[in-house]
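In the working numbering, the protein residues as written are 284 to 468. Don't be surprised by glycine CBs; every beta carbon is placed ideally from N, CA and C.
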């Protein structure tokens with residue numbers, strides 16, 4: 284993760300290049316905004332901004348470039364469909380597969396019904412399956428990219444909010460059971 288020294292050095296170079304004075308509080312904000320980006324990636328993002336940026340960078344400018352550099356390269360939807368077709372051609376029910384598609388493609392195949400469904404599809408069904416696959420793949424990639432942009436603290440908050448609440452679930456189940464029993468009587 285970006286050390287304070289690296290973040291301040293990048294910020295000093297930005298300030299020098301765009302002739303800006305930065306208060307210590309503003310410097311702390313930049314350091315905090317870049318704390319989950321590695322030193323090498325932050326430096327590479329700064330070099331990219333020097334070439335393409337026309338103003339002093341906001342925290343998000345270098346952060347977004349850094350996240351793009353560090354994020355996995357996803358296949359285009361058309362390339363992902365080609366991978367799904369390769370996996371379908373290698374699939375024979377009851378036999379182990381020799382070809383495994385990239386993880387996001389495998390996830391999408393499972394989401395639309397699995398390889399068995401694709402294997403048995405007619406030409407007309409194949410058109411529909413392709414459309415379903417492309418829509419689901421785009422959605423999975425968009426979600427993964429949005430998740431990659433979240434700060435680690437936000438990921439923790441999201442995980443806590445999405446964690447199943449066992450106590451609340453049992454209360455709801457108890458109420459449903461009581462209502463069902465009362466209805467039977």
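**OP:** Would you tell me roughly how many angstroms separate the C-alpha atoms of residue 404 and residue 297, rounded to the nearest one?
**Re:** 57 Å
**OP:** Mark residue 330 as exposed unless 16 or more other C-beta atoms lie within 10 angstroms of its C-beta, in which case mark it buried.
**Re:** exposed
Subject >> Pair within 8 Å by beta-carbon distance, residue 367 and residue 416 >> reply: yes
**OP:** State the DSSP-derived secondary structure class of residue 316, mapped to helix, strand or coil.
**Re:** helix
Original post:
Exposed or buried, residue 450, counting other C-beta atoms within 10 Å across all chains shown (16 or more means buried)?
Top reply: Only weak support is given to the placement of residue 450: the predicted model assigns it a pLDDT of 48, under 50, and the question is left unresolved by the model.
Subject >> Buried versus exposed call for residue 341 [16 or more other C-beta atoms within 10 Å across all chains shown] >> reply: Its Cβ having fewer than 16 others within 10 Å, residue 341 is exposed.
Original post:
With DSSP run on the structure shown, which of helix, strand or coil describes residue 329?
Top reply: helix
Original post:
How about the region 405-414 and the region 437-444: do they share at least three Cβ pairs that are nearer than 8 Å?
Top reply: Touching, no, given that fewer than three Cβ pairs across the two stretches are closer than 8 Å.
Original post:
On the premise that residue 290 lies in contact with residue 325, defined as a C-beta separation below 8 Å, what is that separation, rounded to the nearest angstrom?
Top reply: 7 Å
Subject >> Local Cβ density within 10 Å of residue 420, reported as buried at 16 or more and exposed below that >> reply: Counting every other CB atom within 10 Å of its CB across the protein chains shown gives residue 420 a total of 16 or more, marking it as buried.
Original post:
If we count the other Cβ atoms within 10 Å of its Cβ and call it buried at 16 or more, is residue 381 buried or exposed?
Top reply: exposed
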